[in-house]
Amino acid sequence: MSKVELTGRVSPYPMPVAILGVMTDEKPNFMTIAWFNRFNGNPSIWGVGIGKGKITLEAIEKHREFSINFPCSKQVVETDYCGIMSGRDVDKARLFKVFNGKLEHAPMIEECPLNLECKLHDLVDLPRAVLVLGEVIAAYSNDSFMTGGVLDPKKIDPILLTQPDNHYWTIGDIVGNAFEIGKNLSK
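First residue of the sequence shown: 53, per this note's numbering; consecutive thereafter.
Structural data, given as C-alpha cells:
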C-alpha cells in the first residue's frame, strides 16, 4: 500500500458541533462552532477557534464570558442557520428559549442537551483566527440525557460535521472500552 500526500488542511474525523452563546449589543447571539475541544481537565478549559472579525469574538473580548451549547440531531436546521447567518444581520436568539445561569453575558439554549458556562481564560492569536480558551464555571443538562447519573451520548444524539464534504452526521455504535481493550496487547 502506498501513501498519497494530502494537504495540511485535511480533516480526517467528524468534529462535534456546538453553538456558542454571547451577548452582543445586550442581546443574546449564537454562532455554530465545530473547531473546538476540551484542552484541560481540572479546571475544565475548552478552546474554540473563531475567525477574526466575527461579532462573536468581539463580544467575548468585551464581556469575557460565553457559553457552549451542545445541540441534538433534531436541532440540525437551527444549528446550521446559526453558522451561516451573522448576528449583525439577524436575531438568531428568536429560534430558542434562552436562559442564563451564573454569568450575565453567557446566554444558553434551553433546548440543547448540554450547556457550558465559560469565563475567558486566554486568547491565542492565530494567522486567520483566534483560539478562545474558556474555563467552565457551570454545566447544565437534564436527567433525560443521562444514564446512571452520567451523560449518555446516545441520548444526547450529538451532531457531527465532516469536512471538506460539509455533511452532518450522528454517532454510531460503541466499538470498545477506552483504556481497557488495548491492555490485551501487553500480554
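Each residue gets a CB set at the ideal place from its N, CA and C atoms; glycine is no exception.
Asked: CA nearest to the CA of phenylalanine 122, picked from Leu172, Leu155, Leu166, Ala145; Found: Leu166
Asked: Cα-Cα separation between asparagine 152 and methionine 160, rounded to whole angstroms; Found: 6 Å
Asked: Entirely enclosed beta strand (DSSP E) segments - the region 168 to 222, minimum 3 residues; Found: 181 to 193, 212 to 214, 219 to 221
Asked: Local Cβ density within 10 Å of glutamate 232, reported as buried at 16 or more and exposed below that; Found: exposed
Asked: With 16 other Cβ atoms within 10 Å as the buried cut-off, status of proline 205; Found: exposed
Asked: Counted within 10 angstroms of its Cβ, other Cβ atoms place isoleucine 211 as buried (16 or more) or exposed; Found: buried
Asked: Three-state class that DSSP yields for isoleucine 85 in the structure shown; Found: strand
Asked: Sub-7 Å separation of glycine 101 and leucine 183 beta-carbons; Found: yes
Asked: Contact under 7 Å by Cβ, cysteine 164 with methionine 83; Found: no
Asked: Separation of tyrosine 65 from glutamate 57, as counted between CA atoms; Found: 17 Å
Asked: Three-way DSSP call (helix, strand, coil) for glycine 135 in this model; Found: helix
Asked: CB contact flag (threonine 76, isoleucine 107, <7 Å); Found: yes
Asked: Segments of 3+ residues assigned as beta strand (DSSP E) that fall wholly inside the region 104 to 148; Found: 117 to 122
Asked: Nearest-angstrom Cα separation, counted from glycine 93 out to isoleucine 136; Found: 31 Å
Asked: For isoleucine 233, three-class secondary structure by DSSP; Found: helix
Asked: Boundaries of the beta strand (DSSP E) in which isoleucine 71 is found, first to last residue; Found: 70 to 76
Asked: Residues that DSSP places opposite leucine 166 in a beta bridge; Found: Phe122, Ser193
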